[in-house]
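Student: Numbering (our numbering), first residue to last: 6 to 188.
Heads up, the beta-carbon is just placed ideally off N, CA and C, and yes, glycines get one too.
Note that the coordinates shown come from a computational prediction; the quantities given were computed from them, not determined experimentally.
Below is a structure I'd like to ask you about.
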Ligand SMILES: [Fe+2]
């Protein structure tokens, strides 16, 4: 029997529980094996349901149980997915292709509406089966594909913030957007 999306969802939920004891590093370590196994499935597109994407044009649900969402999406090369926050943890991994992924932390005090300063925390080139994990307070990320036909999968638990911030690094500003999909 091949590893199912349902099994994967259960394994990610179990991995996420490790945050309470071992922090984000424990969560990350526990994600390795489930991500490797689900990426090995070549038929995920056949089991996907179209979804209204927030940042991208092509996006599908692989799983949703009222709490956890697993979303497959085509990652654009340009324009890049602008740095944005989530309010919850999210993991992004590469199903096919390559992604340049950067995590940011906000370093201003938030006192000026519309203005924000971000500091780059981590930037990585992710290949198939490699993943990034963003979680508050470092829950801002931006990314883009490094080659054609790049697909990513995100897993998140709970709802995104109803109003999310999209940052413009060079202008030192942000705008508030209401996502179409809170899941
Ligand atoms: Fe995101």
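(1) Given residue 36, which residues of its chain have a CB within under 6 Å of its CB, disregarding the five upstream and five downstream residues?
(2) For residue 112, does the count of other Cβ atoms within 10 angstroms reach 16, so buried, or fall short, so exposed?
(3) Taking 8 Å as the threshold (C-beta atoms), are residue 173 and residue 179 in contact?
(4) Please indicate yes or no: does the CB of residue 135 lie closer than 7 Å to some heavy atom of ligand 1?
(5) Unbroken alpha helix (DSSP H) runs of length 4 or more, entirely within the segment 7-66: which are they?
(6) Quick one, are the C-beta atoms of residue 137 and residue 177 less than 8 Å apart?
(7) On the three-pair Cβ rule with 8 Å, is the segment 70-80 touching the segment 124-135?
(8) In terms of alpha-carbon separation, which member of 184, 175, 55 lies closest to residue 169?
Tutor: So, from the data block:
(1) 20
(2) exposed
(3) Taking 8 Å as the Cβ cut-off, residue 179 and residue 173 qualify as a contacting pair.
(4) no
(5) 10-22, 24-44
(6) no
(7) no
(8) 184
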